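Colleague: So the protein lines, in turn, are chains X and W.
Reminder that position 53 of the first sequence reads as 53 in this note's numbering, one-by-one numbering, no gaps.
Reminder that position 125 of the second sequence reads as 1125 in this note's numbering, one-by-one numbering, no gaps.
Beta carbons: idealized from backbone N, C-alpha and C, even for Gly.
As the structure is a prediction and not an experimental result, all values here were calculated from the model.
Below is a structure I'd like to ask you about.
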Amino acid sequence: MKNSAIMSSNYTLCSNHSTLNREFHGVYATDLLSAAIKHAEHQAALITLISHDNTIACAMMIDCPLVIITSGRVVTQSMIEQANQENICILTTSLHTHEVIVDLFTRGLL
Amino acid sequence: MVREYQIIARNYDLAGRASSDIKRTLKAMNVPWSFQKRVCAASYEAEINVVIHSVGGYATFEVNDQAIILDFYDDGPGIPNIELAMTEGFSTASELDHANGFGAGMGLPNMKRSSDLMTVTSDHEGTHVHLVFLRGKADEK
Chain X
1 MKNSAIMSSN YTLCSNHSTL NREFHGVYAT DLLSAAIKHA EHQAALITLI SHDNTIACAM
61 MIDCPLVIIT SGRVVTQSMI EQANQENICI LTTSLHTHEV IVDLFTRGLL
Chain W
1001 MVREYQIIAR NYDLAGRASS DIKRTLKAMN VPWSFQKRVC AASYEAEINV VIHSVGGYAT
1061 FEVNDQAIIL DFYDDGPGIP NIELAMTEGF STASELDHAN GFGAGMGLPN MKRSSDLMTV
1121 TSDHEGTHVH LVFLRGKADE K
């Protein structure tokens, strides 16, 4: 499914518009980057409130095409630049992690 | 091919730089994803451990026909009890580490699980983590 399918009034795109064209396959939600590295499936979207350069480094490591930063956490310019360089989409939302999952499920995206 | 990377203690902004380069290299080599994931998972955990727990160190990344070999060296203070450190969930990480998504006590266990051979030696002068990933195993075929 294309990253763009997730876009709604609840989500704000931080990375380049072209990153919306990548596809994700399933999601993995965690606030422990070690857990994401260990468990996330290939091309899964990462849902987390950890907003840091390391989140993008971790996403790059597991070929994650989409990172959703939850709970209104602020995304730095450094993260955005890194994400654009790796063609990783960053979305931010004021929803909490569990609310994102419910939202995606109720919209038939999971 | 052997590459070397400096790892700076407590510098979260540069943490993962070595592993990112290793990932790019493996991707360029067309190594299967599951193999890339094993190597990168272990590499990232080891690199973060040096950032979080040591006064700094370096890593080497070697590729040969038989294996991919990673070595992480730091300059201390060392791991007082390696057996305890290998226990999943055991952590001496700080609140700052947790806030950055690390320090869950999964580092060394993840490295062991991901690699084909792992040795850890440590004293007060430093720690050496040696990781081997055998090529030609099922996940690289």
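Does DSSP put X:Ile-69 in a helix, a strand or coil?
Modeller: Strand.
Colleague: Tell whether a beta-carbon distance below 8 angstroms holds between W:Arg-1010 and W:Val-1050.
Modeller: No, Cβ-Cβ distance for W:Arg-1010 and W:Val-1050 is not below 8 angstroms.
Colleague: Starting from W:His-1130, follow the beta strand (DSSP E) in both directions and report where the run begins and ends.
Modeller: First-last of the beta strand (DSSP E) with W:His-1130: 1126 to 1134.
Colleague: Does any C-beta atom of chain X lie closer than 8 angstroms to the C-beta of W:Asn-1049?
Modeller: No, W:Asn-1049 lies away from the interface with chain X (no Cβ there is under 8 angstroms from its Cβ).
Colleague: Less than 7 angstroms between C-beta atoms, sequence neighbours within five positions excluded: which residues of the same chain meet that for W:Ile-1022?
Modeller: So the list reads Val-1039, Cys-1040, Ser-1043, Phe-1061, once near-sequence residues are dropped.
Colleague: Given that X:Asn-54 touches chain W, what residues does it touch there, using C-beta distances under 7 angstroms?
Modeller: What X:Asn-54 touches in chain W: Tyr-1012, Ala-1015, Gly-1016, Asn-1100, Gly-1101.
Colleague: Ignore the nearest five residues each way along the sequence and tell me which others in X:Thr-12's own chain have a CB closer than 8 angstroms to its CB.
Modeller: Result list for X:Thr-12: Leu-91, Thr-92, Thr-93, in chain order.
Colleague: Taking the alpha-carbon positions, what's the W:Ala-1018 to X:Ser-4 distance?
Modeller: Using only the alpha carbons, I get a separation of about 31 angstroms.
Colleague: Does any residue of chain W bring its CB to less than 8 angstroms from the CB of X:His-17?
Modeller: It does not; no Cβ of chain W falls within 8 angstroms.
Colleague: Could you tell me which of X:Ile-50, X:Ser-51, X:Ala-36 sits nearest to X:Ala-44, measuring between CA atoms?
Modeller: The shortest C-alpha separation from X:Ala-44 is found at X:Ala-36.
Colleague: Cutting at 6 angstroms between CB atoms, please list the residues of its own chain near W:Asp-1160, excluding the five before and the five after it.
Modeller: Given that chain W is displayed from residue 1001 to residue 1141, the structure contains no residue 1160 of chain W and the question cannot be resolved.
Colleague: Does the CB of W:Tyr-1005 have a neighbour CB from chain X at under 8 angstroms?
Modeller: W:Tyr-1005 does not count as touching chain X.
Colleague: What does W:Ala-1041 touch in chain X if you count any residue whose Cβ is under 9 angstroms from its own?
Modeller: The contacting residues are Ser-34, Ile-37, Lys-38, Met-61, Ile-62.
Colleague: Going by DSSP in three states, W:Val-1050 sits in which element: helix, strand or coil?
Modeller: Reduced to three states, the DSSP call for W:Val-1050 is helix.
Colleague: Buried or exposed: which applies to W:Lys-1141, given that a residue is buried once 16 or more other Cβ atoms fall within 10 Å of its Cβ?
Modeller: Bear in mind that a pLDDT of 48 at W:Lys-1141, under 50, signals an unreliable position, so the number given afterwards is only what the model happens to contain. Classification of W:Lys-1141: exposed, given that the 10 Å Cβ count is below 16.
Colleague: When we look at the beta-carbon of X:Ile-62 and count the other beta-carbons within 10 Å, is it buried (16 or more) or exposed?
Modeller: X:Ile-62 comes out buried.
Colleague: Which residues, in chain order, does the stretch 1021 to 1042 of chain W contribute to contact with chain X at a C-beta distance below 7 angstroms?
Modeller: Result list: Lys-1023, Trp-1033, Lys-1037, Cys-1040, Ala-1041.
Colleague: DSSP has X:Lys-2 in a bridge; who is on the other side?
Modeller: BP columns for X:Lys-2 point to X:Glu-23.
Colleague: Within this structure, are the beta carbons of X:Ser-193 and X:Val-27 separated by less than 8 angstroms?
Modeller: This structure gives no information on residue 193 of chain X, because the portion of chain X shown stretches from 1 to 110.
Colleague: Does the distance from the CB of X:Ile-88 to the CB of X:Pro-65 come in under 8 angstroms?
Modeller: Yes. Within cutoff.
Colleague: Between W:Ala-1093 and W:Tyr-1005, how many whole angstroms is the CB-CB distance? I'm expecting something under 8 angstroms.
Modeller: That belief does not hold up - the Cβ atoms of W:Ala-1093 and W:Tyr-1005 are roughly 22 angstroms apart, past 8 angstroms.
Colleague: Should W:Asp-1013 go down as buried or exposed, given a rule of 16 or more other Cβ atoms within 10 Å for buried?
Modeller: Exposed, because fewer than 16 other Cβ atoms sit within 10 Å of the Cβ of W:Asp-1013.
Colleague: Hey, how far is the Cα of X:Thr-19 from the Cα of X:Leu-46?
Modeller: Approximately 14 angstroms, taken between the alpha carbons.
Colleague: Excluding the 5 residues flanking X:His-39 on each side, which residues of the same chain have their C-beta closer than 8 angstroms to its C-beta?
Modeller: Result list for X:His-39: Tyr-28, Thr-30, in chain order.
Colleague: Determine the closest residue to W:Met-1118 out of W:Phe-1102, W:Ala-1067, W:Asn-1100, with distance taken between C-alpha atoms.
Modeller: Nearest C-alpha to W:Met-1118: W:Ala-1067.
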